[in-house]
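In this text, residue positions in the sequence shown follow our numbering: the first is 8, and each later residue adds one.
All remarks here apply to the structure that follows.
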Amino acid sequence: CMLFWFIKSLRGFWLDLFSRNRFLWMHFLLIMLFSLFYRLVALSGNCSVSEASDLSSFFSCSYYALITEFTIGALNNPSTFYLRSLVMLQVILSFLFLNL
């Protein structure tokens, strides 16, 4: 009974979230596509050494794609995995719950 209520509440939460943000799936699709594009450019050697080091992993590429998608443009880009993870989590949660 409690599990049924929890599942029903969770379903309502997701339906409400996606109804308020109709194009949310498009944002995530664009972030993933551009992450791949950034990574391919870095691997192809068509960028400077400093840019290639900034795009050294798919995670780094995802970070730049997400920051660009939501037009944040962080001035002091964090260089560690954990700080970038926190920045990306903050952006996603802000967009989802504040409907920016």
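Here a beta-carbon is modelled for each residue, glycine too, at the ideal position from N, C-alpha and C.
Residue i classed as buried or exposed, judged by whether at least 16 other C-beta atoms fall within 10 angstroms
i             : result
serine 67     : buried
isoleucine 14 : exposed
arginine 91   : buried
arginine 18   : exposed
leucine 47    : exposed
leucine 96    : exposed
Range covered by the alpha helix (DSSP H) that runs through residue i
i                : result
phenylalanine 41 : 31–51
threonine 75     : 65–76
serine 26        : 9–27
Rounded Cβ spacing between residue i and residue j (contact assumed at less than 8 Å)
i             : j                : result
alanine 72    : phenylalanine 41 : 4 Å
serine 69     : isoleucine 38    : 7 Å
asparagine 28 : leucine 103      : 7 Å
leucine 22    : tyrosine 45      : That pair is no contact at about 33 Å.
Contact test: residue i Cβ vs the ligand MN heavy atom, cutoff 7 Å
i          : result
leucine 37 : With respect to small molecules bound, the structure shown includes none, and the ligand MN cannot be examined in it.
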